[in-house]
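**Student:** Sequential numbering from 500 applies to the sequence shown in the working numbering. Glycine is no exception: its CB is placed at the ideal position from the N, C-alpha and C atoms. Since this is a predicted model, take the numbers as computed values, not measurements.
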Amino acid sequence: MAYKISDDCIACGSCAAECPVNAISEGDGKYVIDADECIDCGTCAGVCPVGAPLQDE
Ligand code: SF4
Ligand code: SF4
Numbered sequence: 500m501a502y503k504i505s506d507d508c509i510a511c512g513s514c515a516a517e518c519p520v521n522a523i524s525e526g527d528g529k530y531v532i533d534a535d536e537c538i539d540c541g542t543c544a545g546v547c548p549v550g551a552p553l554q555d556e
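1. Tell me the DSSP secondary structure of residue 531 in three-state form.
2. May I have the straight-line CA-CA distance separating residue 551 from residue 506, to the nearest angstrom?
3. Indicate, with yes or no, if ligand 1 has a heavy atom lying under 7 Å from the CB of residue 543.
4. Compare the Cα-Cα distances from residue 540 to each of 516, 554, 513 and 530 and report the closest residue.
5. Below 8 Å on the Cβ atoms is my guess for residue 549 versus residue 517; work out the distance and round it to an integer in Å.
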């Protein structure tokens, strides 16, 4: 399982700075999570101001 960033993302970059495994990078208009790198820690969801990172099934 991994986290996934929804379209609510405002591209602030906070999550990318906090991810312990650097799984988050800037994408096209929003940030994206590399599911192969994500360790499902939930840090990104905790720091995001708009609640964009969601747990994916
Ligand atoms: Fe990074 Fe943790 Fe978010 Fe996965 S859940 S993208 S490891 S901060
Ligand atoms: Fe997007 Fe939230 Fe990450 Fe900011 S913290 S880049 S709004 S997902």
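**Tutor:** Taking the coordinates as given:
1. Of the three classes helix, strand and coil, the one that applies to residue 531 here is strand, per DSSP.
2. About 7 Å.
3. Placement of the Cβ of residue 543 at a distance of less than 7 Å from at least one heavy atom of ligand 1 is found.
4. Per the Cα distances, 554.
5. Going by Cβ atoms, the distance from residue 549 to residue 517 rounds to 15 Å, so no, they are not a contact pair.
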